[in-house]
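One gets my numbering by counting positions in the sequence shown from 1 and adding 5 to each. Report on one structure; see the data block that follows.
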Amino acid sequence: GFVISTQVEGAARLLAECTREICIGEIMQVGNAGNLNLTLGEYEEIIHRKTAILYGLSCRLGAMLSGADPDQADAMERYGNRMGEAFQIIDDSLDLIGDAEVVGKSLGTDLANGKLTLPVLLLRESLDEQGRQRLLKLLEICHSSDEANHERSEIAAMLAEHGIMEMVRERARSVVTDALEALRSAAKPGPARQRLEDLAEYILQREL
Numbered sequence: 006g007f008v009i010s011t012q013v014e015g016a017a018r019l020l021a022e023c024t025r026e027i028c029i030g031e032i033m034q035v036g037n038a039g040n041l042n043l044t045l046g047e048y049e050e051i052i053h054r055k056t057a058i059l060y061g062l063s064c065r066l067g068a069m070l071s072g073a074d075p076d077q078a079d080a081m082e083r084y085g086n087r088m089g090e091a092f093q094i095i096d097d098s099l100d101l102i103g104d105a106e107v108v109g110k111s112l113g114t115d116l117a118n119g120k121l122t123l124p125v126l127l128l129r130e131s132l133d134e135q136g137r138q139r140l141l142k143l144l145e146i147c148h149s150s151d152e153a154n155h156e157r158s159e160i161a162a163m164l165a166e167h168g169i170m171e172m173v174r175e176r177a178r179s180v181v182t183d184a185l186e187a188l189r190s191a192a193k194p195g196p197a198r199q200r201l202e203d204l205a206e207y208i209l210q211r212e213l
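Take a look at the structure:
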């Protein structure tokens with residue numbers, strides 16, 4: 006960070022602003038723990054602030070350090086932002102239905118912490134009133150009890166029944182497509198761009 010801040014004009018300010026935004030995102034997430042009325046817009050703002058913005062800044066600073074013009078730097082920041090959003094969407098999904106050994110971390114923590122993520126939000130909107138009330142009850146139990154394996158399994162079954170993970174994957178793919186468009190507008194074909202394109206595909210191929 007120090008090297009970049011001395012070689013790229015304005016880098017220190019950008020890093021400070023990014024740090025502030027990440028803190029705001031984390032505060033928003035903690036403040037919404039247990040909020041069963043969280044909206045899709047609020048979820049998107051949280052993942053933008055706590056994850057995507059860091060990806061975006063990393064790509065912008067890399068572009069600036071390599072001598073990119075302002076339009077290229079803007080495009081690379083958009084690539085990073087969208088990649089960060091896609092990563093978080095997939096990561097949130099894996100927390101619900103992934104294999105802990107494959108993912109490499111404990112799962113079910115979002116439900117235990119009262120965090121509503123994209124799959125749950127889409128499921129909530131797909132259910133009738135009776136189904137929504139049942140889902141909200143299950144979410145309350147998951148948040149308040151350390152022994153909620155049955156409830157987590159029921160939520161996973163509801164996600165499968167309503168095709169929610171397919172919807173999530175399509176949304177993530179759309180976000181990645183936008184990221185790749187930004188990348189290709191900023192960088193010429195070559196090994197470096199290919200690696201960034203491969204990274205986008207990797208995000209989508211994480212086990213769902």
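Ideal Cβ placement from N, Cα and C applies to all residues, glycine included. Just so you know, these numbers come straight off a predicted model, no measurement behind them.
Could you check if residue i is buried or exposed, using at least 16 other CB atoms within 10 Å of its CB as the buried criterion?
i, result
"Gln199", "exposed"
"Lys142", "exposed"
"Tyr48", "buried"
"Ala153", "buried"
"Arg129", "buried"
"Cys64", "buried"
"Gly109", "Any answer about Gly109 is weak, because its pLDDT of 48 lies below 50 and its placement is not dependable; what the coordinates show is given next. Burial call: exposed."
"Arg18", "exposed"
"Tyr207", "exposed"
"Gly195", "exposed"
Alpha carbon to alpha carbon, what distance is there between residue j and residue i?
i, j, result
"Cys147", "Gly67", "42 Å"
"Asp115", "Met33", "14 Å"
"Ile102", "Pro124", "10 Å"
"Gly89", "Ile51", "12 Å"
"Arg137", "Gln93", "24 Å"
"Phe43", "Ser158", "One detail in the question is off: residue 43 reads as Leu in this sequence, not Phe. Going from the Cα of Leu43 to the Cα of Ser158 covers about 22 Å."
"Ala192", "Gln77", "8 Å"
"Thr56", "Ile27", "7 Å"
"Leu188", "Leu164", "33 Å"
"Glu202", "Gln135", "43 Å"
"Ala73", "Ile160", "47 Å"
"Arg25", "Met170", "32 Å"
"Leu99", "Gly113", "9 Å"
Under 8 Å Cβ to Cβ from residue i, same chain only, skipping five residues before and after it: list those, please.
i, result
"Leu209", "Ala91, Ile95, Arg174, Ala177, Arg178 and Val181"
"Asn118", "Ala38 and His148"
"Asn40", "Gly119 and Leu121"
For residue i, which residues of its own chain have a beta-carbon under 6 Å away from its beta-carbon, when the five flanking residues on both sides are left out?
i, result
"Met172", "Leu127"
"Leu121", "Leu43"
"Glu31", "Lys55"
Leaving out five residues before and five after residue i in sequence, what residues of the same chain have Cβ atoms less than 7 Å from its Cβ?
i, result
"His167", "Leu128 and Ser131"
"Gly15", "none"
"Ala205", "Met88, Val181, Ala184 and Leu185"
**Message:** Using 8 Å as the cut-off, can you tell me whether the segment 71-84 makes contact with the segment 180-197, which would need three or more C-beta pairs spanning the two stretches below that distance?
**Reply:** yes
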